[in-house]
Amino acid sequence: MSESVDTNTAKVLWKTFGDDRPDNYVDSKFLESLIVNADVGQRSYWNVVLGALFVANHLCLVMVLAGTAYLLHYQEEDVISTRIFMAQGIAFCIGLLLHVIVECRTAYRGARRALLSTLNVVLRAGILLGLTCVLSPVYATLTTSISPDTTVACICVLLIVHMYLYDYSEATHPGKKPTLGASLGLASGMCASVLMATRMKHLSDVISIIVLSLQLYIAAPYVQYNVSKMIPHGAQILNIIGIGSTLFFLSNISVVVTSWLIAVLLLVVFLCPMWLVRIEKFKAHLNGPWDEAVPHL
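The C-terminal position of the sequence shown is numbered 798 in the numbering used here, with every residue numbered one higher than the one before it.
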């Protein structure tokens, strides 16, 4: 028995219905339903600039670590090490105070829950500090048989990899599911810090570099997140303060490096967002009858 099929509505391509149309045949109305950039939104320049501040601030944190390592390696005065330890202690106390304030405001059981959480943070910080002190002799002799130029080159490569792979949304969404790229970025940053610590002359300087890297790479994003929960646009305010503090810190070390950093920051914060917004209109995202069907339930 023959089967009657309407050739205008049939969607089975392998049925030719007596003509010679190929399997990839389309009629003249196929492109009438073509839609360009249906799901592409318009970017605001200043919103992109605010997002670029996170990248610029993290670049400044890396430069603070590098500048601190330079001071500890080339300066012979013990007062510099003492000041760095004091600054680290003050930064830890400020971060701990912010943690207590946020816990008191958000914890269900109030002060008791905040106290337990704070003690947990202090205990973990003490464990990390103790392990760093125990392993500092190993760090200090890790690259004794390697030339300084090779060590510096490895540090530069690792920091570039860190800046490329680092998850910059960690300051606004901490504790989210980690990705392979973000994990590799954090690992490369810590490896660069360990290599910096191996060029130090004193064990106290080795400990200072490792502790500073832990504060900048791990604790700083959580401080930004806690501030943003208490103050509207608090993370952006901290970014601006961090950038200004870094420029002031580096200006006392090298005016040339500070000038280059200012140029890079202007490129990252203002020129790159402008370029991104301008090329957005050239994006061509096509939608049409070839798209996969998505049921709307």
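Just so you know, even glycine gets a beta-carbon here, dropped at the ideal spot from N, CA and C.
DSSP, reduced to helix, strand and coil, places Leu643 outside both helices and strands of the structure shown, so it counts as coil. A residue is called buried when at least 16 other Cβ atoms come within 10 angstroms of its Cβ; Thr759 meets this threshold and is buried. Ranked by how close their Cα comes to the Cα of Tyr669, the residues Ala553, Asn727, Gln576 have Ala553 in first place. Taking Leu599 as the centre and dropping the five residues before and after it, the same chain places the C-beta of Val724, Asn727, Val728 closer than 7 Å to its C-beta, in chain order. A Cβ-Cβ contact shorter than 9 Å links Leu643 with Leu696.
Excluding sequence positions up to five before and after Asn740, its CB lies within less than 6 Å of the CB of Leu554, Asn558, all in the same chain and listed in chain order. Put simply, the region 646–660 does not touch the region 544–553. Fewer than three CB pairs are less than 8 Å apart. Straight-line spacing of the CA atoms in Leu566 and Arg779 works out to 35 Å. The distance from the Cβ of Gln576 to that of Leu713 is about 16 Å, inconsistent with a contact at the 8 Å cut-off.
Distance between Gln716 and Leu624, taken at the CA atoms: about 15 Å.
Under the DSSP assignment, Pro649 falls in the alpha helix (DSSP H) whose first and last residues are 649–666. Rounded to the nearest angstrom, the gap between the Cα atoms of Ser705 and Ser582 is 8 Å. By the criterion of a C-beta distance shorter than 7 Å, Ala570 is surrounded in its chain by Met697, Ile710, once the five residues flanking it on both sides are discounted. Of the residues Gln737, Pro733, Ser637, Ala721, the one whose Cα lies closest to the Cα of Thr699 is Ser637. A direct Cα-to-Cα measurement between Phe750 and Leu535 gives close to 55 Å.
Inter-residue distance for Ile585 and Phe593 is about 12 Å (C-alpha atoms, whole angstroms). Taking 9 Å as the cut-off, the Cβ atoms of Ala693 and Leu666 do not count as close. In the DSSP assignment, Ala693 falls within the unbroken alpha helix (DSSP H) covering 681–699. In the three-state reduction of the DSSP assignment, Asn788 falls in the strand class, which pools E and B. Taking the CA atoms as reference points, Tyr718 sits about 15 Å from Pro679. The continuous alpha helix (DSSP H) containing Arg779 extends over residues 773–780. Less than 9 Å separates the beta-carbon of Ala641 from that of Met701. Phe750: member of the alpha helix (DSSP H) spanning 735–752, first to last residue. Our two residues, Leu762 and Val549, have alpha carbons roughly 20 Å apart in a direct line. In this structure, the beta-carbon distance from Arg544 to Leu777 falls below 9 Å.
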